[in-house]
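*Asks:* In the UniProt record's numbering, the protein residues as written are 1 to 419. Glycine included, every Cβ here is placed at the ideal spot set by N, Cα and C. One structure follows; several queries about it will come next.
Quick look at the structure:
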């Protein structure tokens, strides 16, 4: 009896799986396609059925839209893919019905293919600010009909892209330049592969920032039938990929913190010495902090918050919406100290093991406070158990070695801040 029940369950399981898979409907990759019209060539798009099967493809107006099956089954002369092409040269809107009929079941799929002329262009961007000498950004042009509908594909359509530097004294390629996909770290899109290999440009291009500044990028259709479609222009700004270190810090009134200017180049951070002929530090609120530009050191004056900002002496790269890096500085009061024993962050340690005692200061909101040379911390540990090798000027780091088994207290006191 038990064996029969087990067999029944297994059979039921396979029946359920079969029923679920059999009712999953086949679908086309898109229900509707909008193709642009051109006089000298046809635009194409590939239709594909999502499920297994084999389909025969037909067009309601083969004089307008041609359907060519691909990867055809030699026996049944059917396929799950077909290329639709806008072959008409008449510049008017037409809608063609493309049907795909499964040869075994008679199941029919439908796609409406609309052909029309381009009336406007738009540029798709993810950013209009490029970093100098960093990875290029991809820019894409989009074409719309007179109703604002986006054309499904622009594969095989050549576009004319150009760069014009906004500074009259410089040549355009000093700020921006085009690079081919094959010369970039990116994969070449199939829709522009042909143009990329010929040195031409399609609806997608890569643009690289060469020098700080601003330039205008424009794109238009170079085809005679579209000479009245206006070109589109965008202004791109190239800035140096700069960082201020530290980006955010808390200090005590009277204490100082030194800032570094870092530049990301080719995946590596390089320090730019400050002050330089181009960059200098400034502060927004001198009642909270002041800056010594000669040594790039900021000093806390009174409690509050302000920002350290980077100024470009040349004024280049400071186009609309582009900001040079800044860092936040909070002048606060100390609330408590914490002690740490490194490198293991564990107060149980073996004899003759090098270690480092570190003192950290926090405010009442648990923010760690940067301790500079103006602060004095007095740390104490018995010389009977710990041999000191070195100590920082402010007393927050003591390097040494344990010399004796036992338990020894370590104390730290924040004594003063030298003005």
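What residues in its chain sit with their C-beta under 7 Å from that of residue 143, if we drop five residues either side in the sequence?
*Replies:* Position 143 of the chain shown, counted from the start, is the residue given in the question as residue 143. 36, 118, 121, 151, 154.
*Asks:* Would you kindly work out how many angstroms separate the C-alpha atoms of residue 395 and residue 273, rounded to a whole number?
*Replies:* Here residue 395 corresponds to residue number 395 of the chain shown, with the count starting at 1. Here residue 273 corresponds to residue number 273 of the chain shown, with the count starting at 1. Distance between the alpha carbons of residue 395 and residue 273: 28 Å.
*Asks:* Following the continuous alpha helix (DSSP H) through residue 270, name the residue where it begins and the one where it ends.
*Replies:* Within the chain shown, the letter at position 270 stands for residue 270. For residue 270, there is no enclosing alpha helix (DSSP H); the residue is part of the beta strand (DSSP E) that begins and ends at 268-272.
*Asks:* Excluding sequence positions up to five away, which residues of its chain have a Cβ less than 6 Å from the Cβ of residue 89?
*Replies:* Translated into the one-based positions of the chain shown, residue 89 becomes position 89. 39, listed in sequence order.
*Asks:* Is the distance from the Cβ of residue 111 to the Cβ of residue 34 below 8 Å?
*Replies:* Your numbering for residue 111 matches position 111 in the chain shown. Your numbering for residue 34 matches position 34 in the chain shown. Contact flag unset, no.
*Asks:* Out of 212, 45, 296, 360, state which residue places its alpha-carbon closest to the alpha-carbon of residue 283.
*Replies:* Translated into positions along the chain shown, residue 283 becomes position 283. Taking only the C-alpha atoms, the option nearest residue 283 is 296.
*Asks:* Please report the straight-line C-alpha distance between residue 160 and residue 217, rounded to a whole angstrom.
*Replies:* Along the chain shown, one-based indexing puts residue 160 at 160. Along the chain shown, one-based indexing puts residue 217 at 217. Taking C-alpha positions only, residue 160 is separated from residue 217 by approximately 11 Å.
*Asks:* For residue 290, which residues in the same chain have their Cβ closer than 8 Å to its Cβ, ignoring the five residues on either side in sequence?
*Replies:* Residue numbering aside, residue 290 sits at position 290 when the chain shown is read from its first letter. Closer than 8 Å at Cβ, skipping near neighbours: 283, 298, 299, 301.
*Asks:* Counting pairs of Cβ atoms below 8 Å between the region 178-186 and the region 201-217, do you hit three or more?
*Replies:* yes
*Asks:* Kindly identify the DSSP beta-bridge partner or partners of residue 355.
*Replies:* As a position in the chain shown, residue 355 is number 355, starting the count at 1. DSSP, once it has assigned bridges, lists 400 as partnering residue 355.
*Asks:* Using only CA atoms, which one of 249, 238, 364, 350 lies nearest to residue 333?
*Replies:* Residue mapping note: residue 333 aligns to position 333 of the chain shown, counting from 1. Ranking the options by Cα distance to residue 333, first place goes to 364.
*Asks:* Taking the alpha-carbon positions, what's the residue 390 to residue 360 distance?
*Replies:* As a first step, residue 390 is located in the chain shown; it is residue number 390 there, counting from the start. As a first step, residue 360 is located in the chain shown; it is residue number 360 there, counting from the start. C-alpha separation (whole angstroms): 17 Å.
*Asks:* Quick one: using the 10 Å Cβ neighbour count with 16 as the cut-off for buried, is residue 500 buried or exposed?
*Replies:* The requested residue 500 is not part of the displayed model; the chain covers only 1 to 419.
*Asks:* Measuring alpha carbon to alpha carbon, tell me which residue in 213, 163, 156 is nearest residue 189.
*Replies:* Translated into positions along the chain shown, residue 189 becomes position 189. Closest by alpha carbon: 156.
*Asks:* Extract the residue ranges of the beta strand (DSSP E) inside the region 110-148, only unbroken runs of 3 or more that lie entirely within it.
*Replies:* 120-124, 129-131, 137-144
*Asks:* Bridge partners of residue 245, per DSSP?
*Replies:* By one-based count along the chain shown, residue 245 stands at place 245. For residue 245, which the question treats as bridged, DSSP gives the partners 260.
*Asks:* Quick one: measure Cβ to Cβ for residue 53 and residue 70, integer angstroms, because I've assumed they're closer than 8 Å.
*Replies:* Taking the first residue of the chain shown as position 1, residue 53 is located at position 53. Taking the first residue of the chain shown as position 1, residue 70 is located at position 70. Going by Cβ atoms, the distance from residue 53 to residue 70 rounds to 15 Å, so no, they are not a contact pair.
*Asks:* For a quick check, are the C-beta atoms of residue 236 and residue 324 less than 8 Å apart?
*Replies:* Here residue 236 corresponds to residue number 236 of the chain shown, with the count starting at 1. Here residue 324 corresponds to residue number 324 of the chain shown, with the count starting at 1. Taking 8 Å as the Cβ cut-off, residue 236 and residue 324 do not qualify as a contacting pair.
*Asks:* Just to confirm my understanding: we take residue 392, look at its own chain, exclude 5 residues before and 5 after, and list those with CB closer than 7 Å. What are they?
*Replies:* Stepping through the chain shown from its first residue, residue 392 is reached at position 392. No residues qualify anywhere along the chain.
*Asks:* Using the Cβ count rule (16 or more neighbours within 10 Å means buried), how would you classify residue 136?
*Replies:* As a first step, residue 136 must be located in the chain shown, where it is residue number 136. Buried, since its Cβ has 16 or more Cβ neighbours within 10 Å.
*Asks:* Measure from the alpha carbon of residue 103 to the alpha carbon of each residue in 78, 91, 92, 109, then state which is nearest.
*Replies:* Sequence index remark: in the chain shown, residue 103 carries index 103 (1-based). Nearest of 78, 91, 92, 109 to residue 103, Cα basis: 78.
*Asks:* For residue 169, count neighbouring C-beta atoms within 10 Å of its own C-beta (all shown protein chains included) and say buried if the count is 16 or more, exposed if not.
*Replies:* As a first step, residue 169 must be located in the chain shown, where it is residue number 169. Unreliable placement is indicated for residue 169, whose pLDDT of 41 sits below 50; no coordinate value is reported for it.
*Asks:* Under DSSP, the alpha helix (DSSP H) around residue 166 begins and ends at which residues?
*Replies:* The residue labelled residue 166 in the question sits at position 166 within the chain shown. Looking at the DSSP string, residue 166 is not in any alpha helix (DSSP H), and its letter there is neither H nor E.
*Asks:* I'd like to check one pair, residue 125 with residue 234: are the Cβ atoms closer than 8 Å?
*Replies:* By 1-based counting over the chain shown, the position of residue 234 is 234. By 1-based counting over the chain shown, the position of residue 125 is 125. Against a cut-off of 8 Å, the Cβ pair of residue 125 and residue 234 comes out as a contact.
*Asks:* Using C-beta distances below 7 Å, list every residue in its chain close to residue 200, excluding the 5 sequence neighbours before and after it, in chain order.
*Replies:* Against the chain shown, residue 200 aligns to sequence position 200. Hits under 7 Å: 158.
*Asks:* By the DSSP assignment, the beta strand (DSSP E) with residue 34 in it spans what residues?
*Replies:* Reading the chain shown from its first residue, position 34 is the one you call residue 34. In the DSSP assignment, residue 34 falls within the unbroken beta strand (DSSP E) covering 32-36.
*Asks:* Would you kindly work out how many angstroms separate the C-alpha atoms of residue 225 and residue 91, rounded to a whole number?
*Replies:* Residue mapping note: residue 225 aligns to position 225 of the chain shown, counting from 1. Residue mapping note: residue 91 aligns to position 91 of the chain shown, counting from 1. In a straight line, the C-alpha of residue 225 is about 9 Å away from that of residue 91.
*Asks:* Taking the C-alpha atoms as reference points, what is the distance between residue 96 and residue 196?
*Replies:* Stepping through the chain shown from its first residue, residue 96 is reached at position 96. Stepping through the chain shown from its first residue, residue 196 is reached at position 196. In a straight line, the C-alpha of residue 96 is about 32 Å away from that of residue 196.
*Asks:* Between the alpha carbons of residue 348 and residue 355, how many angstroms are there, rounded?
*Replies:* The sequence position of residue 348 within the chain shown is 348, counting from 1. The sequence position of residue 355 within the chain shown is 355, counting from 1. Cα to Cα, the separation comes out at about 11 Å.
*Asks:* On the CB-based measure, 16 or more other CB atoms within 10 Å of its CB, does residue 294 come out buried or exposed?
*Replies:* On the chain shown, position 294 is the one that residue 294 refers to. Exposed is the call here.
*Asks:* Per DSSP, what kind of secondary structure is residue 302 in: helix, strand or coil?
*Replies:* In the chain shown, the residue the question calls residue 302 occupies position 302. Three-state DSSP puts residue 302 in coil, outside helix and strand.
*Asks:* Could you give the distance in angstroms between the alpha-carbon of residue 133 and the alpha-carbon of residue 308?
*Replies:* As a working note, residue 133 is residue 133 in the chain shown. As a working note, residue 308 is residue 308 in the chain shown. When rounded, the distance between both Cα atoms is 26 Å.
*Asks:* Going by Cα to Cα distance, which pick from 339, 45, 409 is closest to residue 397?
*Replies:* In the chain shown, counting from the first residue as 1, residue 397 sits at position 397. Considering only alpha carbons, the answer is 339.
*Asks:* Could you pull the start and end residues of the alpha helix (DSSP H) that residue 197 belongs to?
*Replies:* Start at 1 with the first residue of the chain shown, and residue 197 comes out as number 197. Counting along the chain, the alpha helix (DSSP H) containing residue 197 begins and ends at 193-198.
*Asks:* Between 345, 330, 85, 177, which has its C-alpha nearest residue 251's C-alpha?
*Replies:* As a first step, residue 251 is located in the chain shown; it is residue number 251 there, counting from the start. The shortest C-alpha separation from residue 251 is found at 330.
*Asks:* Using 10 angstroms around the beta-carbon of residue 403, count the other beta-carbons present and answer buried if the total reaches 16, otherwise exposed.
*Replies:* As a first step, residue 403 is located in the chain shown; it is residue number 403 there, counting from the start. Residue 403 is exposed by the Cβ-count criterion.
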